[in-house]
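Worksheet: one structure, shown below.
Protein chains: 4
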Amino acid sequence: MAIAKNASRLALESQPSAETKPRGRQRSHACEAAILAATTELLKKKCLRDVTADAIAQRAGVSKATLYKWWPNKNLVALDAFLSSMRLSVDIPNTGSALEDFTLELESVIRFYTSPQGSMFRQFVAEGQSDPEFLTLFRDRFLRSRLDEVRTIWERGVKRGEIRADLDPEIGMDLIFGPMIFRLLVGHAELDDAHAEALVAAAFRGVQKTPSSA
Amino acid sequence: MAIAKNASRLALESQPSAETKPRGRQRSHACEAAILAATTELLKKKCLRDVTADAIAQRAGVSKATLYKWWPNKNLVALDAFLSSMRLSVDIPNTGSALEDFTLELESVIRFYTSPQGSMFRQFVAEGQSDPEFLTLFRDRFLRSRLDEVRTIWERGVKRGEIRADLDPEIGMDLIFGPMIFRLLVGHAELDDAHAEALVAAAFRGVQKTPSSA
Amino acid sequence: MAIAKNASRLALESQPSAETKPRGRQRSHACEAAILAATTELLKKKCLRDVTADAIAQRAGVSKATLYKWWPNKNLVALDAFLSSMRLSVDIPNTGSALEDFTLELESVIRFYTSPQGSMFRQFVAEGQSDPEFLTLFRDRFLRSRLDEVRTIWERGVKRGEIRADLDPEIGMDLIFGPMIFRLLVGHAELDDAHAEALVAAAFRGVQKTPSSA
Amino acid sequence: MAIAKNASRLALESQPSAETKPRGRQRSHACEAAILAATTELLKKKCLRDVTADAIAQRAGVSKATLYKWWPNKNLVALDAFLSSMRLSVDIPNTGSALEDFTLELESVIRFYTSPQGSMFRQFVAEGQSDPEFLTLFRDRFLRSRLDEVRTIWERGVKRGEIRADLDPEIGMDLIFGPMIFRLLVGHAELDDAHAEALVAAAFRGVQKTPSSA
DNA sequence: AGCTAATCGAGACGGTACGTCACGTCTTAAT
DNA sequence: ATTAAGACGTGACGTACCGTCTCGATTAGCT
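Now the structure itself:
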């Protein structure tokens, strides 16, 4: 099931000691860090498709063999680089209003995804279209946890009675974030704070003309 | 603006009379048709990235040079192939209820986009992430007109008083189709008729617990 | 035996009337002349390998089909162009001394072969190495007659008692012109009037130290 | 000056010790040898023009990229193949008579140049006509040394008083070998032992009717 | 004067080889 | 054992020129 040849980035965090160290030279942390940093740096200038494994290795001052020893391919290096550059867990807004929380969160997400840094998101989704395993990995390692974090907004909203309890949260969340992803990937419309607000507002109020307001 | 070296597919359809034919041998319809057919066929088996220009040419019984003479790259060939295979303009449902129309339409779109044929959509969006010009072209030649067609549902709904008149239709449409695209590209949740219905319903009613129903 | 599809250039000169003209549009002299002129012109700037059939046709304002209708390939066009630009039969020197005649002739030949015009000679020999039929044709249409002309110098020399009668003229002629061709094609040594004189002198006197002059 | 991207063939032979080996994987001797062997083999069947880089690579079981990494084009591969297949330095005859030595040498050279193996010589001269740098390289790497070797015959002849000391050896050598090259490349006359003998004899005695023999 | 052939310009076409690029693997000597 | 360096096989790329072909327009001799 594991695609990555190892737990990659995470491998270095775990195993604080315990097991017997293998003989010979130990895996270099510096080396791995250099690769991830180089990848991040290069991806700010070019898209994933145009960043070559050679370029990463060269920029990191690392041999290509080292790179391929720890990652099965370039995409997974980029994914790790992306993940490692996002460590400081983003905290979810908590203003007391789910509407406001979602608006703030969406604005924040948009700002990130449209930044050079966050534009990697689009590349990953794109790569995923021709590499299902990579798409799965991307979902499991990044999206899932992000969505889980955001779901707390939803749940708080439900608890507070702001959000309909009968609505499948998955559908609710897609309703809020789907349109943003759509615009992000297809580029058919603007994507900024104003739109974030309008989108969340529309998702909340709904499209339908309510009988009362008629 | 034009990326394609010519009007390609469309060039052959238009102007049945009018302008004087150029002097030399005419562009072969058979040749172009063969290329588009071969491309469509190959794309049913493999994803766009894995279909090579050579394979298209060979399967079409056409020389690679001919292919590159009329299209700058295989993505645009695929786009033309996609467009040509969708000629019969899909008609938009018109049941008298916007909610039902959107549900039917979304179901239909989902069925298409998850078919071998329609999965090209995902590939195009993916390619577009590393080729902005292609993304623009894809939007202009395909998405734009599709969205325009669907917008009639919206406008009928507004006229009938089913849909809020104060809501930007662009936002409304993204609300309905964005979540589907999100799921289509990221694959984090199911995508079938039931979900189509739930999505449209949620978009219509909104996420918010209405005071009256409280 | 004929390689060319027709008698080419010569076809237009011959048959002043006689046979019944075929029906339809007649072959255009202007057209052929333009092709030959364009070829000659282009070959002054580039070597035969680098002059394309398209370039010839375009420069001549002629269609490629016309070109290939009358010549089987580019090399034979060039050969005809070469021959047609040399019509005015070069006259062989006749000073009364074979030594002097050969020297003058060799100087003249060297001047021609090292001119832009005459450098086609080298190209023909080169092409001939990978196309034996072309080499044969080149020999038959050009070299043979040139050598025959020059042979009169030899024969006059023999008659006058200047040249050994027991020597095969073919060997004698090769002795005089071979070294020049060698230098022309390989470029390992200078090729000018001085060398022409020295070469002919050496060929005449021989390499051997004569007993008498010892 | 250097055309080849490296010292190629020679690089592997030289410097058995001295400089420290570079760090990485070493250039594969087997790989290079396979390329040269394949080239030699193919050139026995087809002429240089008709031997493709792909064919060489495939037959050598080597990738085209590797081939192009070490040689800028197939001509230089062929040249290296030619040179490597001639290593055992041919020894120059030394019978005590320059006339006989030159005759033997010329016979030997003719036999070689008319063999499948040696016919590459013609191809090289031919290619050189459209690629001056290649011609220079061919002269420098092959012809020069061959001529230098043969010149010892000349010098011994001069010392022994068989050959005129006042004659420029370059002219003398061209006189002996030029006619052979002429015939080799143009094919207007036979090229065998008998002619070798006749040619050398004529070059030695000269064309001129000597007064004494009159 | 119209008919019928052949030629002509334009340029599309199939084919073949080119030389380049990136991928991911493998080899070597050094650490 | 891991590293840097970098050679290697694979396979697709997009380009160039070849020689053939298909058009419609032109230009004659023949009816």
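Top to bottom, those sequences are chains A, B, C and D. The working numbering puts the first residue of the first sequence at 337, with every later residue one more than the last. The working numbering puts the first residue of the second sequence at 337, with every later residue one more than the last. The working numbering puts the first residue of the third sequence at 337, with every later residue one more than the last. The working numbering puts the first residue of the fourth sequence at 337, with every later residue one more than the last. The beta-carbon is built from N, C-alpha and C at its ideal position, and this holds for glycine as well. No experiment lies behind these values; they were computed from the predicted model shown.
Contact set for residue i: own chain, Cβ-Cβ below 8 Å, skip 5 residues either direction
i	result
A:D415	The sequence shown places Leu at residue 415 of chain A, rather than the Asp named in the question. Once the five neighbours on either side are set aside, the close Cβ partners of A:L415 are F460, F470, L473, F474, R477, F478.
D:D467	N411
D:D390	K400
D:R487	P505, M509
Cβ of residue i within 8 Å of any chain C Cβ
i	result
D:I517	yes
D:E506	yes
Residues bridged to residue i (per DSSP)
i	result
B:Q544	A:I499
Cβ of residue i within 8 Å of any chain B Cβ
i	result
A:C367	no
A:G432	no
A:R500	yes
Contact with chain A by residue i, beta-carbon distance below 8 Å
i	result
B:F478	no
Contact list for residue i against chain C, beta-carbon separation under 8 Å
i	result
D:S466	C383, L384, R385, D386, Q459, A462
D:G397	The contacting residues do not exist; D:G397 stays about 27 Å from chain C at best.
D:L535	I507, D510, L511
Chain-ordered neighbours of residue i on chain A, where CB pairs are closer than 8 Å
i	result
B:A539	L511, A539, G542, V543
B:L471	V522, G523
Contact set between residue i and chain D, taken where Cβ atoms lie within less than 8 Å
i	result
C:G454	Ordered by position in chain D, no residue passes the 8 Å Cβ test against C:G454, which lies about 13 Å from the chain.
Under 9 Å from the C-beta of residue i: neighbouring residues of chain D
i	result
C:R359	Neighbours of C:R359 on chain D: none; closest Cβ ~42 Å, over 9 Å.
Cutoff 7 Å; reference residue i; Cβ partners in own chain excluding five residues on either side
i	result
B:V536	L435, F438, T439, L442, I512
A:T376	A417, S421
A:T402	C367
B:F540	L435
C:C383	Q459
7 Å Cβ cut-off: residues of chain D touching residue i
i	result
C:L503	A538, V543
Below-8 Å beta-carbon distance, residue i vs any chain D residue
i	result
C:R482	no
C:R475	yes
Beta-carbon contacts of residue i that lie in its chain and below 6 Å, excluding the five residues immediately before and after
i	result
C:A396	A370, I371, A374
C:Y449	F457, L520
D:V413	T375, W407
C:I499	A434, G493
D:T431	D437
Checklist entry - Which runs of the alpha helix (DSSP H) spanning at least 4 residues fall entirely within the region 477-514 of chain A, listed in chain order? => result 480-496
Checklist entry - Taking the runs of the alpha helix (DSSP H) that are 4 residues or longer, which of them lie wholly in the region 377-420 of chain D? => result 389-396, 400-406, 410-420
Checklist entry - Can you list the alpha helix (DSSP H) stretches of 4 or more residues lying completely in the region 449-480 of chain A, in chain order? => result 456-466, 468-474
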